[in-house]
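Number of protein chains: 2
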Amino acid sequence: MTLGEFELIERYFKPREPLRPDVVLGIGDDAALLRPPVGMDLALTTDTLVAGVHFDDRMDAADIGHRALAVNLSDLAAMGATPAWTLLALTMPEADEAWIQAFADGFMSLATRHCTSLVGGNLARGPRNVTVTVAGLLPMGQALRRSGARPGDDIYVTGTLGDARLALAIMGGLAPRATVAQRSDLYTRYARPEPRLAVGQRLLGIASSAIDISDGLASDLGHLLDGNRIGAVVEAGSLPLSRTMREVVTDQEARDHALFGSDDYELCFTARPALAGAIRALAADCTITRIGTITDGSGINLRYPDGSEAALPVSGYRHF
Amino acid sequence: MTLGEFELIERYFKPREPLRPDVVLGIGDDAALLRPPVGMDLALTTDTLVAGVHFDDRMDAADIGHRALAVNLSDLAAMGATPAWTLLALTMPEADEAWIQAFADGFMSLATRHCTSLVGGNLARGPRNVTVTVAGLLPMGQALRRSGARPGDDIYVTGTLGDARLALAIMGGLAPRATVAQRSDLYTRYARPEPRLAVGQRLLGIASSAIDISDGLASDLGHLLDGNRIGAVVEAGSLPLSRTMREVVTDQEARDHALFGSDDYELCFTARPALAGAIRALAADCTITRIGTITDGSGINLRYPDGSEAALPVSGYRHF
């Protein structure tokens with residue numbers, strides 16, 4: 009017998025840990041009831057992953073669950089917000105309990121790790137589609153935004169860039185030299201992105217602007233320039249590359265993956281040069297690398313180690 | 009040339025009216041920033057409509073837009089909340105601008121009418137799926153919940169019941185006696201439900217429990233009994249039926265539609281008998297009808313005009 013919507017939610021999506029104290033009413037009524045603390049702004053965002061478009065439906069369901077929440081938490085990280093509450097709208101062709109259990113494991117583990125409570129959602133039949141909504145909290149008026157960078161600001165990124173893109177290339181049959189260990193390492197970077205929440209929160213009051221890199225560095229850094237009448241110079245030699253990336257592809261390919269590869273979910277942010285020490289002193293669970301400078305020009309110029317420069321085409325993932 | 013995600017949002021989903029003053033930052037960053045007022049709780053809910061499952065994809069896109077938002081606002085109405093902010097995650101096979109324009113018209117008109125700002129969302133390619141998240145505000149601790157009914161409470165519903173179910177039956181080729189005007193009237197009830205927000209808000213401090221009727225009266229009234237060790241008697245002769253319903257089908261069919269038909273999006277609520285006068289005095293844009301009484305029994309009994317009673321099967325829409 010197939011379990012119904014209510015039984016599935018009860019069995020797999022009711023949090024095992026106590027709910028956050030600011031959850032007045034969780035799953036099970038017409039809406040969740042939450043009590044935002046005084047003096048805090050609310051950051052609210054939603055993102056969808058569609059099978060066959062944003063992920064291969066043969067992926068491990070636990071990875072899909074992790075990734076669907078991670079890409080949303082990454083948006084909160086880019087605002088410097090602390091995640092609080094989550095809603096999950098999941099449609100799937102049939103109620104395959106093994107799939108749901110694995111999905112819920114991946115989703116709920118990440119939710120628990122970041123102290124966010126799943127407070128509501130929707131399970132329905134349909135082509136596989138995972139839409140997650142997350143709400144986070146921020147000291148009033150302190151959020152990091154995409155606007156705010158000024159000429160002279162340093163440009164930074166977290167972690168390493170391009171690994172997810174290389175993983176996709178390998179899954180597509182390219183980069184045949186990669187060993188099993190290398191493939192596994194890169195695949196994890198694609199399937200299990202780590203939202204940079206701790207870094208984002210510590211950048212409040214320090215960064216002048218921030219965004220998460222979902223569509224590729226060139227495209228997302230472009231959004232920090234949009235409408236501000238500013239440009240950027242990125243040092244080709246400073247792009248942070250993983251050891252696996254360096255081992256598996258040429259320098260030129262690595263640079264292309266780092267600049268144009270989507271699905272990194274690292275942060276890109278800017279800060280006044282005087283704050284470089286404060287940024288170096290940020291205790292973070294990932295590296296932070298200065299990759300360039302905001303200029304009073306326009307667009308993004310890539311500067312090579314020999315001092316020559318080339319304008320970057322700004323082209324990220326196109327959703328249509 | 010196909011417009012990209014950003015252009016589509018800019019053209020069709022940027023609100024034309026000024027944003028609510030509690031919107032610090034709307035569409036265009038990694039997350040929206042909202043400022044909840046002090047002393048208010050937040051009600052948060054999400055609901056998905058899938059083409060071919062929850063609606064016929066040949067429906068007018070403006071109706072789909074209205075309905076996708078209305079079913080979510082109906083959940084807020086059932087809590088007594090005042091809607092504030094909305095997120096829209098829309099996936100569709102291709103960026104058909106005529107479809108998107110009509111959808112946005114239906115969606116944004118209803119949003120404007122209820123003073124809610126669209127503050128974020130996601131447009132992506134995929135099978136048509138409309139997932140809406142709404143956030144509403146409530147005086148702290150005052151929300152209407154599904155729990156709270158006690159034996160002796162009166163049971164009420166808003167509007168008329170079963171019209172949406174009859175519309176679906178007609179679309180499926182049944183009830184052939186209906187005229188064009190009757191079909192149109194019923195279809196509107198299905199395609200353009202009116203969330204009972206004003207009634208819900210006025211029931212704060214009056215109703216002992218409330219729910220919206222999405223899966224059918226028998227099923228949703230059942231949720232008001234769940235876990236409370238109470239039952240209900242519903243007077244068959246009191247079920248509110250539209251004139252069109254009475255004209256088109258037999259009394260027996262009308263009663264079945266009213267009891268078991270989904271997609272009504274009316275409210276069902278309970279209140280102490282002493283508050284009957286206060287409920288009659290509620291100035292509302294829809295009728296409010298007393299249909300029965302909460303008992304110390306279990307399940308739902310239907311009482312016929314001759315005094316006989318029959319236990320109702322509790323069977324609503326099954327999502328799997």
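In the order they appear, the protein sequences are chains A and B.
9 is the number of the first residue of the first sequence in the numbering used here; add one for each residue after it.
9 is the number of the first residue of the second sequence in the numbering used here; add one for each residue after it.
Note that beta-carbon positions come from the ideal geometry of N, C-alpha and C, so glycine has one too.
The stretch 249-259 of chain B touching the stretch 172-191 of chain B, judged by at least three CB pairs closer than 8 angstroms: The stretch 249-259 of chain B and the stretch 172-191 of chain B touch, with no fewer than 3 CB-CB distances between them shorter than 8 angstroms.
Would you kindly report the start and end of the unbroken beta strand (DSSP E) that includes T99 (chain B)? Boundaries of the beta strand (DSSP E) harbouring T99 (chain B): T90 to M100, taken from the DSSP string.
According to DSSP, is Y164 (chain A) part of a helix, a strand, or is it coil? Note: Y164 (chain A) maps to strand in three-state DSSP.
Just to confirm before moving on: does the CB-CB distance between V165 (chain A) and I296 (chain A) stay below 9 angstroms? Cβ atoms of V165 (chain A) and I296 (chain A): closer than 9 angstroms.
Indicate whether L6 (chain B) and G170 (chain B) have their beta-carbon atoms separated by less than 9 angstroms. Nothing can be reported for residue 6 (chain B): it is not among the residues displayed for chain B, which extend from 9 to 328.
In whole angstroms, what separates the C-alpha of I299 (chain A) from that of D162 (chain A)? Rounded to the nearest whole angstrom, the C-alpha separation of I299 (chain A) and D162 (chain A) is 8 angstroms.
Using a Cβ cut-off of 9 angstroms (strictly closer), state whether R311 (chain A) contacts chain B. R311 (chain A) does not count as touching chain B.
Any contact between the stretch 116-127 of chain A and the stretch 25-32 of chain A? By contact I mean 3 or more CB pairs, one from each, below 8 angstroms. Because the criterion of three Cβ pairs below 8 angstroms is met, the stretch 116-127 of chain A and the stretch 25-32 of chain A touch.
The stretch 231-238 of chain A in contact with the stretch 97-117 of chain A per 3-pair CB rule at 8 angstroms: Output reads no: the stretch 97-117 of chain A does not touch the stretch 231-238 of chain A.
By alpha-carbon positions, which one of B:S216, B:G129, B:I178 and B:G12 ends up nearest to L41 (chain B)? Checking every option, the nearest Cα to that of L41 (chain B) belongs to B:G129.
Simplified DSSP assignment, three categories, for V46 (chain B): V46 (chain B): coil per DSSP, three-state reduction.
For the candidate residues A:A319, A:L194, A:L52 and A:I221, whose alpha-carbon lies nearest to that of A275 (chain A)? Ala is not the amino acid found at residue 275 (chain A); the sequence shown has Leu there. Nearest to L275 (chain A) by C-alpha distance, out of A:A319, A:L194, A:L52 and A:I221, is A:I221.
Just the chain B side, please: which residues come within less than 7 angstroms of T124 (chain A) by C-beta, in chain order? What T124 (chain A) touches in chain B: nothing, since even the nearest Cβ is about 13 angstroms away.
For L232 (chain A), the three-state DSSP class (helix, strand or coil): Here L232 (chain A) sits in helix by DSSP.
Grab the span of the alpha helix (DSSP H) containing V256 (chain B) for me, first residue to last. R251 to V256 is the extent of the alpha helix (DSSP H) around V256 (chain B).
Shortest alpha-carbon distance to G73 (chain B) belongs to which of B:A92, B:P45, B:L52 and B:T99? Here the closest residue by C-alpha is B:T99.
Beta-carbon of V127 (chain A) versus every beta-carbon of chain B: anything under 9 angstroms? Closer than 9 angstroms to some Cβ of chain B, the Cβ of V127 (chain A) qualifies, so yes.
Got a sec? Which residues, its chain only, sit under 6 angstroms from E18 (chain B) by beta carbon, not counting five neighbours each side? If we look at E18 (chain B) and ignore the five residues flanking it on each side, it has no Cβ neighbours.
Is the distance from the Cβ of L95 (chain A) to the Cβ of T141 (chain B) below 9 angstroms? A contact, by the Cβ cut-off of 9 angstroms.
Can you tell me whether M9 (chain A) is buried or exposed, with buried defined as 16 or more other CB within 10 angstroms of its CB? Caution is warranted here: a pLDDT of 36 is assigned to M9 (chain A), below 50, making its placement in the model unreliable, and no coordinate value can be reported.
Taking all protein chains shown into account, do 16 or more other C-beta atoms lie within 10 angstroms of the C-beta of A319 (chain A), making it buried, or fewer, making it exposed? Exposed: under 16 other Cβ atoms inside 10 Å.
Step through the CB atoms of chain A and report whether any lies within less than 9 angstroms of the CB of V58 (chain B). Answer yes: the Cβ-Cβ gap between V58 (chain B) and chain A drops below 9 angstroms somewhere.
Per DSSP, which one or two residues make a beta bridge with F5 (chain B)? The requested residue 5 (chain B) is not part of the displayed model; chain B covers only 9 to 328.
May I ask which residues mark the beginning and end of the alpha helix (DSSP H) holding E15 (chain B)? Bounds of the alpha helix (DSSP H) holding E15 (chain B) are E13 to L16.
Keeping to the same chain, check which residues put their C-beta closer than 8 angstroms to that of A59 (chain A); ignore five residues upstream and five downstream. Spatial neighbours of A59 (chain A) in its own chain (CB-CB distance under 8 angstroms, excluding positions within 5 residues in sequence) are listed in chain order as D65, P135, R136 and N137.
Spatial distance of P281 (chain A) from R43 (chain A) (CA atoms): So the two alpha carbons sit approximately 39 angstroms from each other.
Which residues in chain A have a C-beta closer than 8 angstroms to the C-beta of G285 (chain B)? List them in chain order. Here the premise fails: no neighbours, minimum Cβ distance about 27 angstroms.
Please report the straight-line C-alpha distance between Q209 (chain A) and L152 (chain A), rounded to a whole angstrom. Rounded to whole angstroms, Q209 (chain A) and L152 (chain A) show a C-alpha spacing of 9 angstroms.
Looking at the C-beta of R219 (chain B), does it have a partner C-beta in chain A at a distance below 9 angstroms? The sequence as given places Ile at residue 219 (chain B); Arg does not occur at that position. Closer than 9 angstroms to the CB of I219 (chain B) there is at least one CB belonging to chain A.
Measure the CB-CB distance between L84 (chain A) and D38 (chain B) and report whether it falls below 9 angstroms. Going by beta carbons, L84 (chain A) and D38 (chain B) fall inside the 9 angstroms limit.
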